[in-house]
Amino acid sequence: MDKDLFGRYFGGAPGLTVPGRTFPVKTFYLEDALQVTRHVMDPTAEWCIGGGKGKGKGKGKDSGDANDLDAAKREDLSQAAVRQRYGKYGDRVQAALSRVEQDEVNYDLLVQLLEGDTLQKLDDEAPSDDTPARPSGVLVFLSGAKEIEKVQEALLQSREFRSEPARSWVLPLHGSLPSEDQKKVFNRPPPGVRKIILSTNVAETSVTIDDVGYVVDTGRMKEMRYDASKRMSSLEDTVVSQTNARQRRGRAGRVAPGLAVHLGLTRHRHDKLLDDHQPPEVRRVPLEQL
């Protein structure tokens, strides 16, 4: 919530801030994930420009859709722009970035990032003696239940998870789950077992899971929007705002210093192109639905 906006609306009404104890969260982005995993883009995949196996994907940043509200939030990833902005990351990362379909989640890269100790490799700084140890739990933000099922299946079919299935808990979390299944995310795994939670934005603010030390944010969410040409509202998959991204990475720093990876966003796109806040419903759905 933008408290300054409401303060101005109510004639300069004073606001109260109740501070909470949080720990620092080291933040990484798509370019860092590509570098640490040494990922190679699959040219036939829907998250690669020109891919999608004929399903209408791979259209890139110039979709030509006049109703595309996310067009201004896409980054120029031409080869020249990538070389200028990401020169320090090397040829492999630059080649991958220049082929990224920015409105799709790279599920192969996500699985690579969750395998083994890949997330820990992003942070090469030794922890100090006076700070709490980082919990091993991982919270992955996805846009919906369908996407959660897709990632869960991909993880369970990956080589590492198939060879040692007892070393990881993979738990879904979304509003359609029965309450007893939702409560499973609060259970502590046995020693040596890592908990991976695949969640919608229900975990942004509604719940705190105290054994999460890592957050992986795909940068997507479902948002109700009104299409004036069709005269109907629909739930659209869209890019997050800076406020959403900040809330998500903050879940890694509740009990100890955390680590977050914005897998669906480069640093430039996050800092320069995203909206500060999610548009209010009054601006994106018919008034009779509010």
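Residue numbers (this note's numbering): 1146 to 1435. We put the CB at the ideal spot given by N, CA and C, even for glycine.
Item	Value
Backbone CA spacing between L1161 and D1362 [nearest angstrom]	30 Å
First through last residue of the alpha helix (DSSP H) which encompasses A1299	1290-1302
Cβ-Cβ separation, L1175 to T1388 (assumed contact under 8 Å), whole Å	That belief does not hold up - the Cβ atoms of T1388 and L1175 are roughly 19 Å apart, past 8 Å.
Where the alpha helix (DSSP H) through A1226 begins and ends	1224-1230
Any alpha helix (DSSP H) of 4 or more consecutive residues that is wholly inside the segment 1302-1368	1304-1308, 1324-1327, 1347-1350
Candidates H1413, G1197, S1223, I1341: closest to L1255 by CA position	I1341
Beta strand (DSSP E) segment containing L1380, residue limits	1377-1384
For R1370: DSSP bridge partner residues	S1379
Alpha-carbon spacing of G1289 relative to S1321, whole angstroms	10 Å
Cβ-Cβ distance between Q1180 and Y1234 below 8 Å	yes
Beta carbon of G1165 nearer than 8 Å to that of R1279	no
Nearest residue (CA-CA) to L1357, options R1153, V1338, R1365, Y1371	As written in the sequence, residue 1357 is Val, which differs from the Leu given in the question. It is V1338.
DSSP state of L1284 mapped onto helix, strand, coil	strand
Exposure of A1311, with buried meaning 16 or more beta-carbon neighbours within 10 Å	exposed
8 Å contact criterion, which E1294 and R1414 should meet: CB distance rounded	The pair is not a contact, with the Cβ atoms about 27 Å apart (cut-off 8 Å).
Neighbour-count burial assignment, F1286, 16 or more Cβ in a 10 Å radius	buried
S1440 to V1238 span [Cα, whole Å]	Past the boundaries of the shown model lies residue 1440; the chain is included only from 1146 to 1435, so the question cannot be answered.
Of the listed residues M1377, L1258, A1216, K1328, nearest to E1433 (C-alpha basis)	M1377
Residue from Q1302, R1307, V1283 whose Cα sits closest to the Cα of G1395	V1283
Of the residues Y1371, D1382, F1155, D1248, the one placed nearest R1428, counting alpha carbons only	Y1371
T1167 in three-state terms, based on DSSP	coil
Pick from D1355, Q1302, W1314, L1343 that is closest to V1400, judged by C-alpha positions	D1355
Cβ-Cβ separation, L1267 to D1177 (assumed contact under 8 Å), whole Å	6 Å
heavy atom of the ligand COA below 7 Å from P1431 C-beta	In the structure on display, the ligand COA does not appear, and there are no ligands present to speak of.
Collapsed DSSP secondary structure at L1419 in the structure displayed	coil
Through-space distance from S1351 to G1157, alpha-carbon basis	29 Å
Alpha carbon of D1416 to alpha carbon of P1277, nearest angstrom	29 Å
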